[in-house]
Amino acid sequence: MVDAFRCQICAADKLEEIPDYGLLPRVTSDAKPWPGGGRLSVCHSCGAIQKLPDQKWREEAALIYRNYEMYHLSQGSEQLVFADSGAVSPRSQHLVDYVAAQLKCSGAGSLIDIGCGNGEALTNFSRALPDWKLYGTELTDRALPSLQRLKNFAELYTVSPGEIAERFSLVTMIHSLEHMAEPLPTLRDAAQLMAEDGTLFVEVPDIETSPFDLLVADHLMHFSRASLGQLADRCGLAPTALANDMIPKEITFLARRGGGQGLGGAASSGVEIAHSTVRWLVDLMSQIRELSDKSAIGIFGTSVAGMAVYGAFREHVQFFVDEDSSRIGRTYDGKPVMAPKDVPADVPVIMALPPNRAKKAAMRLASTGMRAVCPPPLTAEAMN
Ligand SMILES: [Zn+2]
Numbered sequence: 321m322v323d324a325f326r327c328q329i330c331a332a333d334k335l336e337e338i339p340d341y342g343l344l345p346r347v348t349s350d351a352k353p354w355p356g357g358g359r360l361s362v363c364h365s366c367g368a369i370q371k372l373p374d375q376k377w378r379e380e381a382a383l384i385y386r387n388y389e390m391y392h393l394s395q396g397s398e399q400l401v402f403a404d405s406g407a408v409s410p411r412s413q414h415l416v417d418y419v420a421a422q423l424k425c426s427g428a429g430s431l432i433d434i435g436c437g438n439g440e441a442l443t444n445f446s447r448a449l450p451d452w453k454l455y456g457t458e459l460t461d462r463a464l465p466s467l468q469r470l471k472n473f474a475e476l477y478t479v480s481p482g483e484i485a486e487r488f489s490l491v492t493m494i495h496s497l498e499h500m501a502e503p504l505p506t507l508r509d510a511a512q513l514m515a516e517d518g519t520l521f522v523e524v525p526d527i528e529t530s531p532f533d534l535l536v537a538d539h540l541m542h543f544s545r546a547s548l549g550q551l552a553d554r555c556g557l558a559p560t561a562l563a564n565d566m567i568p569k570e571i572t573f574l575a576r577r578g579g580g581q582g583l584g585g586a587a588s589s590g591v592e593i594a595h596s597t598v599r600w601l602v603d604l605m606s607q608i609r610e611l612s613d614k615s616a617i618g619i620f621g622t623s624v625a626g627m628a629v630y631g632a633f634r635e636h637v638q639f640f641v642d643e644d645s646s647r648i649g650r651t652y653d654g655k656p657v658m659a660p661k662d663v664p665a666d667v668p669v670i671m672a673l674p675p676n677r678a679k680k681a682a683m684r685l686a687s688t689g690m691r692a693v694c695p696p697p698l699t700a701e702a703m704n
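Going by our numbering, the first residue of the sequence shown is number 321, and it counts up by one from there.
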């Protein structure tokens, strides 16, 4: 057990560090390769999977944010959601339409997006909820000029949520909670911003369907539905939706005031997920090493998974493959991003996707002649 840290969710002194994690390459959440050497742990009391926020983690996260470039590979255009069918839609539009449909309220309200970035979600909310007043919070006011172009934008706060006096019908945290150094007080402060009958909406990566998320250096928490549910309960929130099949690889969470049920999760399932995911990543890296010792390789995918693999096998990688037309034809580190149909047939292409998605993509693209190499199965059961 790790002495210096307590669980971010249940405060128990029962964190087990998983040493093999330190062997794995990492990546930043804006998809740039990052050196290995991180520290991962899992709580034996509640099952929450979390990095250890030591001095090094804090310094690394600060450095990553200083150099942050959202969607740098697609030149600022938003990451698309790929259904297994190959159909695409911009991610936050999809989410915003879902949340707006769940609100079931007519008329005007107010919304605050915590960690609103450049306003991708607020732009979509502005379209979906034209009569609502929109607010945001961010570390700096850098995005203010572009936010002010939204016709129902009201205010950007650069103070912490705990210092905001106003209350809101909808509080949103889209891809921010997993970054926070102190998730419990952060979510508690967000919950305080809700009006009495308000709704809270949280979107985070799902560790159960997104194994590569463990490699994201600046993600402190790697939530499952169980651990997010427990955290929310401790923050006085009662879930109205807690799903990992809305957006691929993500947890979509909606809540109202309530909670305090003392939700206990099965700690053992979190412990099992943490260990099996690290083992899977270690196996995947040795599979790729074996292959890249014999031949040049390509990498399918230019988001976090692809870039984590790239960082570890840089000198062996000849090209990237992507289906996102905003990325095809660009280069990263001098290596081309190619469409599947243009890939040389003699170079194996590592499918940097969770196993099920890799298999589906490989089948869908079989006719292109691309030599797809899928990762090994993920769960212990599937290996038998
Ligand atoms: Zn815990």
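Backbone N, C-alpha and C fix where the C-beta goes; we use that ideal spot for every residue, glycine too.
What's the gap between the Cα of residue i and the Cα of residue j?
| i | j | result |
| --- | --- | --- |
| L470 | S446 | 7 angstroms |
| L698 | L464 | 43 angstroms |
| C327 | L551 | 11 angstroms |
| D461 | L476 | 7 angstroms |
| L497 | H364 | 22 angstroms |
| G631 | Y652 | 12 angstroms |
| D533 | Q638 | 24 angstroms |
| L393 | N387 | For L393, the predicted structure reports a pLDDT of 49, less than 50, and the residue's modelled location is therefore unreliable. The matter cannot be settled from this model. |
| G590 | N472 | 42 angstroms |
| V667 | V641 | 12 angstroms |
| G518 | S489 | 4 angstroms |
| L557 | G578 | 5 angstroms |
| A561 | P503 | 20 angstroms |
| T478 | F543 | 26 angstroms |
| E635 | P355 | 15 angstroms |
| S397 | S645 | Interpretation of S397 is limited by its pLDDT of 48, a score under 50 that renders its predicted location unreliable; the figure taken from the coordinates is listed afterwards. Cα to Cα, the separation comes out at about 11 angstroms. |
| K614 | A672 | 19 angstroms |
| E389 | G437 | 11 angstroms |
| P373 | P674 | 26 angstroms |
| T572 | R545 | 9 angstroms |
| A485 | G429 | 16 angstroms |
| S349 | A537 | 7 angstroms |
| E643 | A659 | 6 angstroms |
| A665 | M605 | 22 angstroms |
| G333 | K453 | Gly is not the amino acid found at residue 333; the sequence shown has Asp there. Each residue's Cα considered, the two are about 43 angstroms apart. |
| F325 | L335 | 7 angstroms |
| C694 | E516 | 49 angstroms |
| G406 | Q375 | Because the pLDDT at G406 is just 44, under 50, the model does not fix this residue reliably, and the point stays unresolved. |
| L431 | F633 | 44 angstroms |
| G649 | Q607 | 28 angstroms |
| S412 | A420 | 12 angstroms |
| F402 | N444 | Note that F402 has pLDDT 45, beneath the 50 cutoff, so the model's placement of it is unreliable and the number below is only indicative. So the alpha carbons of these two residues sit roughly 18 angstroms apart. |
| T506 | V491 | 13 angstroms |
| T597 | G549 | 21 angstroms |
Let's test the definition: count the other Cβ atoms within 10 Å of the Cβ of residue i and tell me whether it reaches 16, buried, or not, exposed.
| i | result |
| --- | --- |
| K371 | buried |
| K569 | buried |
| L343 | exposed |
| K352 | buried |
| E380 | buried |
| A692 | buried |
| A678 | buried |
| S480 | exposed |
| E530 | First, the residue type needs correcting, since residue 530 is Ser and not Glu in the sequence shown. By the neighbour-count rule (16 or more Cβ atoms within 10 Å), S530 is buried. |
| E458 | buried |
| R647 | buried |
| P696 | exposed |
| G358 | buried |
| A331 | exposed |
| G654 | exposed |
Tell whether a beta-carbon distance below 8 angstroms holds between residue i and residue j.
| i | j | result |
| --- | --- | --- |
| M514 | Y418 | no |
| H539 | P559 | no |
| I527 | I384 | no |
| L442 | D433 | yes |
| A382 | V416 | no |
| L467 | G435 | no |
| R508 | C555 | yes |
| G427 | D451 | yes |
| P345 | L611 | no |
| A281 | M493 | Summary: the structure shown does not reach residue 281, with the chain confined to residues 321 through 704, and so no result is reported for it. |
| E523 | H499 | no |
| A594 | V362 | yes |
| I329 | L360 | no |
I think residue i touches residue j, with their Cβ atoms under 8 angstroms apart; what is that distance to the nearest whole Å?
| i | j | result |
| --- | --- | --- |
| D709 | Q581 | Because the chain here runs from 321 to 704, residue 709 falls outside it and cannot be looked at. |
| I619 | G626 | 5 angstroms |
| A587 | C366 | 6 angstroms |
| K661 | T688 | 5 angstroms |
| V669 | V347 | With 8 angstroms as the limit, V669 and V347 do not qualify as a contact, their Cβ atoms being about 19 angstroms apart. |
| A575 | L520 | 5 angstroms |
| V657 | M690 | Going by Cβ atoms, the distance from V657 to M690 rounds to 14 angstroms, so no, they are not a contact pair. |
Would you please verify whether the beta carbon of residue i is less than 8 angstroms from any beta carbon of chain B?
| i | result |
| --- | --- |
| R677 | Protein chain content of the structure displayed is limited to a single chain, and chain B is not contained in it. |
Exercise for the section: Check whether the stretch 592-605 touches the stretch 683-690, taking contact to mean three or more Cβ pairs, one atom from each stretch, closer than 8 angstroms. Expected result: No, they do not touch.
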